[in-house]
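**Q**
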Amino acid sequence: MIEPVSAFSRIGEENAFAVLARAVALAQGGADVVNLGIGQPDFATPPHIVEAAIAALRDGHHGYTPATGILPLREAICADIARRTGAEVSPDRVMVVPGGKVTMFMAILMLGAPGVEILYPDPGFPIYRSMIEFTGATPVPIPIREENGFAFSAAEVLSLLGPRTRLAIVNSPANPTGGVTPRAEIEALVAGLAAHPQVAILSDEIYGQMTYDGQAHVSLLSFQEIRDRLIFLDGASKTYAMTGWRLGWSVWPDRLYDAARKLAVNSFSCVNAATQHAGIAALEGPQDCVGEMVAAFDRRRRLVVEGLNRLPGVSCIVPKGAFYAFPNIRDTGWRAKALASALLDRAHVATIGGPDFGLHGEGYLRLSYAASEAAIEEALSRMARFLESERPA
Ligand code: PLP
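Under the working numbering, residues -5 to 387 are what the sequence shown spells out, in order.
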């Protein structure tokens, strides 16, 4: 029998895609499903970005590009980083990749191996743990706690670092909780890392432009002292409503950059050329589209949090970033995954059970509020009816 090598018995996936498939199947069967499951903006990509891709195709940008990405895009990425974080980055350290995920895939592949420990947020984006296990490294969860507003605690991260730790993954603003880690914690983390020079950091800042209530996003790129071991992950998927285009980028330390380039050469060769031109238009064009989308998410955030807090047995802290609410559902008596499936099957509301983001996600649901206000209101009233009438088995 032909089978993949044993490492593939350890690779995981993202249940959000399975929930999406189930929601689509229910809808095809005639059900009116409200989808607060998948984490993607419900907006169309802004027209000037779409036009730039069309123009690139018409202008003959049909061929391979350098594996690291075309220079004007890497320069636009550096200018964007400088504008938002004040950090000076050379285009020679920037890799253009097909989506934010690819940076974590590369970083974990490069640094994970049996005998190595890798820290990752729990609850957190499921691909971190999946890839850590794939490499044979030991996953060490960083608990992300509601009592900290779902920010990570620098002291807790530092307490988990040991002689075998090679990589620590942090994510702020965070999926699935919407937590934003404040400056003081980030500074404490950077200061504490001085005692652990062998540890690289992967900072997933894909939601970096999505913060609310005046909460500032603090980029790890702005700390020069860890630049030689920081892998910075960002991309266009969330900021510019471009999830299907597959456009991400990363900044790598000197010593890892060539390995990243070689992984690109050995796999995808380059991001498709028209998408790269769209990326230039996104970064160099008017940024009002970002502000408008974030303002819409902010309104929906209030709506979803107010509505969740009115549901029996549910409480939800106000998320400060990204576009997710992570309500505590313990007092409903339901286990989180059972509630998520019952809501989908019986109330036709798609959400994701917290345990799909790690063991510390039990007791919570994730709702993406990247959906219309009408959809959010409908989902909340269906959830209210459901929780008032149905009891866990
Ligand atoms: N990082 C986090 C925290 C995410 O939530 C996501 C997508 O949901 C990604 C990375 C991956 O983004 P992309 O779709 O660009 O691969």
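Cβ coordinates follow ideal geometry from the N, Cα and C atoms, glycine included. It should be emphasised that the depicted structure is a prediction, and the values quoted were computed from it without experimental measurement.
I believe ALA145 touches PRO176 by the beta-carbon criterion, under 8 Å. Please report the beta-carbon distance rounded to the nearest angstrom.
**A** Confirmed, about 6 Å.
**Q** Is there contact here, the stretch 309 to 321 with the stretch 164 to 179, by at least three beta-carbon pairs under 8 Å?
**A** yes
**Q** Say yes only if the C-beta of SER231 is nearer than 7 Å to one or more non-hydrogen atoms of ligand 1, and no if none qualify.
**A** Yes, since a heavy atom of ligand 1 falls inside the 7 Å radius drawn around the Cβ of SER231.
**Q** Using a 10 Å radius around the Cβ and a threshold of 16 neighbouring Cβ atoms, would you call PHE2 buried or exposed?
**A** exposed
**Q** Would you check whether ligand 1 has a heavy atom nearer than 7 Å to the C-beta of LYS256?
**A** no
**Q** Under the three-state reduction of DSSP, which class applies to PRO247: helix, strand or coil?
**A** coil
**Q** Using a 10 Å radius around the Cβ and a threshold of 16 neighbouring Cβ atoms, would you call ASP252 buried or exposed?
**A** exposed
**Q** So, for GLY229: in the same chain, excluding its five sequence neighbours on each side, which residues have a beta-carbon less than 7 Å away from its beta-carbon?
**A** Result list for GLY229: GLY93, GLY94, ILE200, LEU241, GLY242 and TRP243, in chain order.
**Q** From what residue to what residue does the beta strand (DSSP E) around PHE226 run?
**A** Boundaries of the beta strand (DSSP E) around PHE226: 224 to 229.
**Q** Along the beta strand (DSSP E) that carries ILE195, what are the first and last residues, could you check?
**A** For ILE195, the enclosing beta strand (DSSP E) covers residues 194 to 198.
**Q** Contact between the stretch 26 to 41 and the stretch 357 to 372: three or more CB pairs below 8 Å?
**A** yes
**Q** Mind listing, in chain order, the continuous alpha helix (DSSP H) runs of no fewer than 4 residues lying wholly within the stretch 56 to 135?
**A** 65 to 79, 94 to 105 and 120 to 129
**Q** Can you tell me which of LEU51, THR129 and TRP328 puts its alpha carbon nearest to the alpha carbon of ALA272?
**A** Checked all of LEU51, THR129 and TRP328; the closest Cα to ALA272 is LEU51.
**Q** Can you give the Cα-Cα distance for ALA15 and TYR358, rounded to whole angstroms?
**A** 22 Å
**Q** Is SER263 near LEU224, with beta carbons less than 8 Å apart?
**A** no
**Q** For ALA61 versus ALA258, is the C-beta distance shorter than 8 Å?
**A** yes
**Q** How would you write the range of the alpha helix (DSSP H) that VAL27 sits in, first residue to last?
**A** Counting along the chain, VAL27 falls outside any alpha helix (DSSP H), and DSSP gives it neither H nor E.
**Q** Below 8 Å, how does it come out for the stretch 18 to 30 and the stretch 327 to 345: are there three or more Cβ pairs, yes or no?
**A** yes
**Q** I'd like the span of the beta strand (DSSP E) that includes VAL164, first residue to last.
**A** 159 to 165
**Q** By Cβ distance, which residues of its chain are closer than 7 Å to VAL212, with the 5 residues on each side in sequence left out?
**A** Cβ neighbours of VAL212 beyond the five flanking positions: ARG177 and ILE180.
**Q** According to DSSP, PRO137 sits in a beta bridge with which residue or residues?
**A** Its beta-bridge partners are ASP116.
**Q** If we ignore side chains and look at the alpha-carbon of each, how far apart do ALA289 and GLY130 end up?
**A** 42 Å
**Q** Taking DSSP's pairing of strands, which residues face LEU353 in a bridge?
**A** None; LEU353 has no bridge partner.
**Q** Whose C-alpha, out of VAL193, HIS42, ASN266 and LEU67, is nearest the C-alpha of ALA162?
**A** The candidate whose alpha carbon is nearest that of ALA162 is VAL193.
**Q** When the Cα atoms are used, what is the spatial distance from ALA275 to ALA46?
**A** 6 Å
**Q** Please list, in chain order, all residues of the same chain as SER309 whose beta carbon is under 7 Å from its beta carbon, the five residues on each side excluded.
**A** ASN303, PRO321 and ASN322
**Q** For ARG249 and ASP222, I'd like the C-alpha separation in whole angstroms.
**A** 8 Å
**Q** At what residues does the beta strand (DSSP E) containing LEU381 begin and finish?
**A** Here LEU381 belongs to no beta strand (DSSP E); instead the alpha helix (DSSP H) covers 367 to 383.
**Q** So, is PHE11 buried or exposed, given that buried needs 16 or more other C-beta atoms within 10 angstroms?
**A** So PHE11 ends up on the exposed side.
**Q** Quick one: residues in its chain with C-beta nearer than 6 Å to the C-beta of LEU113, no 5 flanking neighbours on either side, listed in chain order?
**A** Excluding residues within five positions, the ones whose Cβ falls inside 6 Å are VAL134, ILE136, LEU154 and ALA162.
**Q** So what's THR175 in DSSP terms, helix, strand or just coil?
**A** coil
**Q** Between THR233 and the rest of its own chain, which residues show a CB-CB distance below 7 Å, the 5 nearest in sequence each way excluded?
**A** GLN203 and VAL284
**Q** Let me check one thing: in DSSP terms, what residues is ILE346 bridge-paired to?
**A** ARG360
**Q** Would you say THR205 and PRO167 are within 8 Å of each other, going by their C-beta atoms?
**A** Pairing THR205 with PRO167 gives a Cβ-Cβ distance under 8 Å.
**Q** Does DSSP put ASN303 in a helix, in a strand, or in coil?
**A** helix
**Q** Return the bridge partner residues of ALA319 from the DSSP annotation.
**A** LEU361
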